[in-house]
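4 protein chains.
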Amino acid sequence: MDAALAGASSELIQDLVDANHILYHLGVVDGFGHVSVRHPGDPGIFIISRSMAPALVAASDLMCIRLDGRPVSHNAPAPYLERFIHGEIYRARADVVAVVHSHSAAIIPFGVVPGATLRAVSHMGGFIGESAPVFEIRESAGPNSDMLVRNNELGSALAQRLGKHSIVLMRGHGSTVVGSLNVRQAVYRAVYAELNARLQSEALRLGTPVYLTAGEAAGAAQANDNQQDRAWNLWKREVQRSSSS
Amino acid sequence: MDAALAGASSELIQDLVDANHILYHLGVVDGFGHVSVRHPGDPGIFIISRSMAPALVAASDLMCIRLDGRPVSHNAPAPYLERFIHGEIYRARADVVAVVHSHSAAIIPFGVVPGATLRAVSHMGGFIGESAPVFEIRESAGPNSDMLVRNNELGSALAQRLGKHSIVLMRGHGSTVVGSLNVRQAVYRAVYAELNARLQSEALRLGTPVYLTAGEAAGAAQANDNQQDRAWNLWKREVQRSSSS
Amino acid sequence: MDAALAGASSELIQDLVDANHILYHLGVVDGFGHVSVRHPGDPGIFIISRSMAPALVAASDLMCIRLDGRPVSHNAPAPYLERFIHGEIYRARADVVAVVHSHSAAIIPFGVVPGATLRAVSHMGGFIGESAPVFEIRESAGPNSDMLVRNNELGSALAQRLGKHSIVLMRGHGSTVVGSLNVRQAVYRAVYAELNARLQSEALRLGTPVYLTAGEAAGAAQANDNQQDRAWNLWKREVQRSSSS
Amino acid sequence: MDAALAGASSELIQDLVDANHILYHLGVVDGFGHVSVRHPGDPGIFIISRSMAPALVAASDLMCIRLDGRPVSHNAPAPYLERFIHGEIYRARADVVAVVHSHSAAIIPFGVVPGATLRAVSHMGGFIGESAPVFEIRESAGPNSDMLVRNNELGSALAQRLGKHSIVLMRGHGSTVVGSLNVRQAVYRAVYAELNARLQSEALRLGTPVYLTAGEAAGAAQANDNQQDRAWNLWKREVQRSSSS
């Protein structure tokens, strides 16, 4: 295991491993996507898996990376190409302690259709608020990029577009959510952002939805934060059963 | 186990535990949502799980709550925040013996789009009748609530909106169904309300559906009530297999 | 086991039991729906489960029923209320040897929206041909029925609407498919009618589909009939694995 | 095992068997569909299963077929009727080393609606590029075919329509994707073509999508090719767990 992980509690490590498995179990990530936590002992470092499918991640696959994207250890394994998503968001947002990047399917359409804005249509998506920003990589990388956030400049542009929001959509690619409490909150948000997108898409086919007001969204987000372990305990049981079957 | 549960038969307790597991197995609830039954020995009390994910509920997690939301036992565990949904419906509707509250996904769009009315489009949804009412919490709680039915006043307003119906939609939140026969009927209704919503959404995309008449809806609801154990026996087998795998 | 089953081969019995399990496994039936075969030794009798969920059917649950809906044995268990669907179709169609009745979800919208006609949009649905008829029970049972085909008159009206087709939709209820080769063909058609409905719904959202011509539909249906055991063998393996897990 | 398989490595054989199982596990094929690889020792031969459901294929079911569709061995088992899809594409495209033919559901609507063009809407579908061609079998087989590519002439017409693309849609039938690296790439493309179709359908309901430019599509396709084993390793683990449960 990465020596720089020494300062992280076993509970944090376990939560991060569970987070990888839960995100796969719930269909938020497939072979791609990643989740990280800020190192509790050094805000200039985050913990994330080496480059591999989240469902297969074990504690021994975790590594420490500096905010500029350089692995801490000299003999580190190959990191994710898009680790700059994580590093630059942690750099720009001192309040953020966990980040999930995914290609979850219901959100992507809201990122590719100008004028379609993801917003809170149900209380479980309250953290999305009145509108989710969209990152158009063409503005930074030009019209012929490979769509990946593969350097600090692109990561910084993404973080800027995220601003103070909890989620940023990435055109033709996916989305990234952040948590300010812990990795469980970031997982919760990734799961319910996807569900909110599905509900919103369906509602838009029926007519013009009544969305949550800014006050309702903030209130519901707070209420859900207080209850998030109810879902986490269920999800953890599910991935444990799945892995032992 | 809660001492106030003494008057409830072991069959009732088992049905309520099964109901929790079945609602999760069929996707009606996830980590959130709850199901209750009125106490057979005291109409002023209902039985419900302590605050936890329905899929994980065991008989030892059940507790008794008075219609005003106060737990019967002094050393009761933490109850669901939204127990007032149950208590106030039992208070307003002497005929109701079971209540399911959920965020099932296909129903929510009908609750947020003005003019989109959930109604019986197939015989399995006959109990919905010609229109399902929608509870707009803003009318009672103002424009900045956290969307939750967290006190008697909101529970009472919800029960009033339910009226004599079998289901009430909750804007930006979910829905609540009731049963007058037993908890199996309430579970049956929660499952098929969700399915009816899915069928109705699909039909609306094809054109203007022919809905069930009031007579057809009432007839089909009665016929289904007589057959509900055919589904219950299947669902019970499914959750038993799932828990032993 | 029903004494009248004596003339049926063990292979036929096994296929009918498998058919029940396969239709559930593939989501064509849930707790409701039923499948039958005409008795190979007496065209005036069909074999079907007693009234229960298809997924739970064993060989000992099968019973023999005359075309008018009367069970052959005096001490027969309770039959399905809607056995008249089967009996009257076998009576009207000498070529039919198997019948599946279900509420499969993607088909129902085509039965409730006037002008939306289910037809073959992919070669796997060739047996549907250029249009599937819709049975409107109100024309026979009036505006206040319970929607069920619960007597010979309604069964006969349904069979008349089926005509020479392989499938008939039932407004606000479901659909019924027939097979002229064996029960495997009827199961195949029930599975792919549902899939064709899903494909057609999606295609209609994109624009105006090019449907199969009558010649293409007939040709594809014939080609598929010759290959149906490729699917059956897979499905049988799946339900065997599922039941032993 | 087919003697002509002697020149193929055990790794290649295992990948082809895994490909069959993975395509089923991910819902790309059901009882129908097939996957092949060009023989590494003889470009005039390809390796494919005998005619059976992909999920059930074992190494002993593989056989060698010449590009004109004739099995290499004299005592070969029954081959797929549509082996001409594979043979004629290998003949027309020297760069192609693997082919997947399927009826995956989200793609079919794009093949039947004139004017609806499947194209890359997310980076995972970059290989689709700016438009996927559609093969209209009527142009070659007339208005009354059985829709199957059952001879060399139809296979050749399909290969011509494929041109230099990575995917060709088949009207009212399905689609065929090719890989120039290995069978893993063809599987990857079959999986993500289906997902791209689903995303594009959803996006089209929200409005007018911003698609990937030709440059973005090419860049993303290249980046994904470099990462494809991350998904393959996951999928292989999944089918192994599934088969041992």
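Residue numbers (the working numbering), protein chains in the order written: chain D, 1 to 245; chain A, 1001 to 1245; chain Z, 2001 to 2245; chain R, 3001 to 3245.
We put the CB at the ideal spot given by N, CA and C, even for glycine.
In DSSP terms, what residue i is bridged to
i	result
A/T1176	A/H1101, A/V1168
R/I3045	R/R3066
D/V134	D/L169
R/S3036	R/I3048, R/V3099
R/P3071	R/I3065
Interface flag, residue i vs chain A, CB-CB below 8 Å
i	result
Z/S2145	yes
Z/F2032	yes
Z/L2154	no
Any chain R beta carbon closer than 8 Å to residue i
i	result
D/Q172	In the sequence under discussion, the amino acid at residue 172 of chain D is Gly, which differs from the Gln named in the question. So, interface residue.
Z/L2234	yes
Z/G2215	yes
Z/Q2222	yes
Z/G2179	no
Counted within 10 angstroms of its Cβ, other Cβ atoms place residue i as buried (16 or more) or exposed
i	result
A/R1184	buried
R/R3083	buried
D/D68	exposed
Z/D2095	exposed
Z/T2176	buried
A/V1074	Position check: residue 1074 of chain A holds His in this sequence, whereas Val was assumed. With fewer than 16 Cβ atoms within 10 Å of its Cβ, A/H1074 is classed as exposed.
R/K3164	exposed
D/S49	buried
D/P209	buried
R/G3125	buried
D/D40	Correcting the residue type first, residue 40 of chain D is Pro in the shown sequence and not Asp. D/P40 comes out exposed.
A/Q1240	exposed
D/Q200	buried
Z/A2120	buried
A/P1071	buried
R/L3237	Going by the sequence as given, residue 3237 of chain R is Arg instead of Leu. It counts as exposed.
R/N3196	buried
Z/E2202	buried
A/P1054	buried
Any C-beta of chain Z under 8 Å from that of residue i
i	result
A/V1210	yes
A/Q1160	no
A/A974	The displayed coordinates of chain A run from 1001 to 1245. Any statement about residue 974 of chain A would go beyond what the structure contains.
A/R1150	no
A/R1237	yes
Within-8 Å CB hit, residue i to chain D
i	result
A/L1067	no
A/S1009	no
R/G3219	yes
Proximity test, residue i beta-carbon vs the ligand SAH heavy atom, cut-off 7 Å
i	result
A/P1040	The model depicted lacks the ligand SAH and carries no ligand whatsoever.
Can you give me, in chain order, the residues of the region 103 to 133 of chain D that have a beta carbon less than 8 Å from any beta carbon in chain R? Contact residues of the region 103 to 133 of chain D toward chain R are H103, A105, A106, I108, P109, F110, V112, V113, P114, G115, A116 (C-beta to C-beta distance below 8 Å).
Between the region 2184 to 2208 of chain Z and chain A, which residues of the former have a C-beta closer than 8 Å to a C-beta of the latter? Residues passing the 8 Å Cβ filter: S2201, L2204, R2205.
Chain Z contacts from the region 3053 to 3082 of chain R (Cβ-Cβ distance under 7 Å): Answer set for the region 3053 to 3082 of chain R: A3053, A3055, L3056.
With 9 Å as the limit, tell me which residues of the region 31 to 51 of chain D have their beta carbon closer than that to any beta carbon of chain R; keep them in chain order. Cβ contacts with chain R come from G31, F32, S51.
Contact between the region 1199 to 1206 of chain A and the region 2110 to 2117 of chain Z is defined here as three or more beta-carbon pairs at a separation below 8 Å; is this criterion met? Short answer: they touch.
Pairs of beta-carbons, one from the region 230 to 239 of chain D and one from the region 130 to 146 of chain D, closer than 8 Å: are there three or more? The count of Cβ pairs closer than 8 Å, one atom from the region 230 to 239 of chain D and one from the region 130 to 146 of chain D, stays below three, leaving the stretches out of contact.
Touching or not, the region 2213 to 2220 of chain Z and the region 3006 to 3025 of chain R, by the rule of three or more beta carbon pairs under 8 Å? No, the region 2213 to 2220 of chain Z does not touch the region 3006 to 3025 of chain R.
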